[in-house]
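This report concerns only the one structure given below.
Numbering (the working numbering), first residue to last: 28 to 321.
Written as structure tokens, this is what we have:
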């Protein structure tokens, strides 16, 4: 720098020293510097998932329709821009960290199926680009998104492992316990065409037949329009506030809100019902659904 010239740093220091900056401006400067030192914030935008995804996808999303852009930015903000892992410097990312992050998003972030597709797509793009730049210190899974998409369609349609008499006992138990969310969900499985995995992810809009081509199989009239299924769903919806996303939900243990059920929880519930009605328990897998009209 030429002699006598004042650097930008000198100017900022002078402004701070003379009290020319507001407290808010000083705080912003401090946060920017700390963020750069810690590997977060705009100073490290190209080294974290949030920054890489923004750089790679923001321009592409500009040409999409409003609904698509809104969903993208909503998922991006919730899962990457405002999350600890999303802002974490690449040097701190490990295979264990990214796998746990995906698991946490699936179970705790309350995304619906379409939002989850957006998340997994962004997650894959971010990790791929970071690997391409040599920022990752582990070999990441390049099939993560493809495996996720495949798993959404990998439902096995099976014959009923329970006799008609056993099934009726299970259904009767479910109907006699309309305030038991897990019992209602088990009853819904026995109406056919839907797996435990789909039941725990079932949202209100699914019940009105507004799903896309990858919807729950064979519900041509909409899940909510078939009498026995409709009764189960109505009872389930009556158990929680109207703003809860999922049809089948239970209160969190700490009272902080509501959470959706799990496939394992429904398997255990079926075992309890079988013992209660005096029949042998036959396990059903989370990705199995009864063939309709069997």
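Heads up, the beta-carbon is just placed ideally off N, CA and C, and yes, glycines get one too.
All figures in this text were calculated on a predicted structure; none of them were measured in a lab.
Check: Check whether residue 292 and residue 181 have beta carbons under 8 Å apart; Outcome: no
Check: Residue 287 - partner residues in DSSP beta bridges; Outcome: 276
Check: Spatial distance of residue 223 from residue 310 (CA atoms); Outcome: 12 Å
Check: Euclidean distance between Cα positions of residue 155 and residue 175; Outcome: 16 Å
Check: Contact with chain C by residue 203, beta-carbon distance below 8 Å; Outcome: Looking for chain C here will not work: only one protein chain is present.
Check: 3-residue-minimum beta strand (DSSP E) runs that sit fully inside the region 101-185, ordered along the chain; Outcome: 183-185
Check: Test item: CB-CB of residue 99 and residue 77 under 8 Å; Outcome: no
Check: Spatial neighbours of residue 122 in its chain, beta-carbon cut-off 6 Å, leaving aside the 5 residues before and after; Outcome: 165
Check: Assigned secondary structure, residue 195 (DSSP; H/G/I helix, E/B strand, else coil); Outcome: helix
Check: Cβ-based neighbour list, residue 196, same chain, cut-off 7 Å, excluding 5 preceding and 5 following; Outcome: 304, 306
Check: Under 8 Å between C-beta atoms of residue 149 and residue 84; Outcome: yes
Check: Local conformation of residue 230 per DSSP, three classes; Outcome: strand
Check: Residue 262 burial status per 10 Å Cβ neighbour count (16 or more: buried); Outcome: buried
Check: Option in 144, 142, 314, 119 with minimal Cα separation from residue 220; Outcome: 314
Check: Rounded C-alpha distance that separates residue 140 from residue 299; Outcome: 30 Å
Check: Identified DSSP bridge partners for residue 317; Outcome: 185
Check: Close Cβ partners of residue 272 (< 7 Å) along its chain, the five nearest in sequence each way excluded; Outcome: 137, 139, 230
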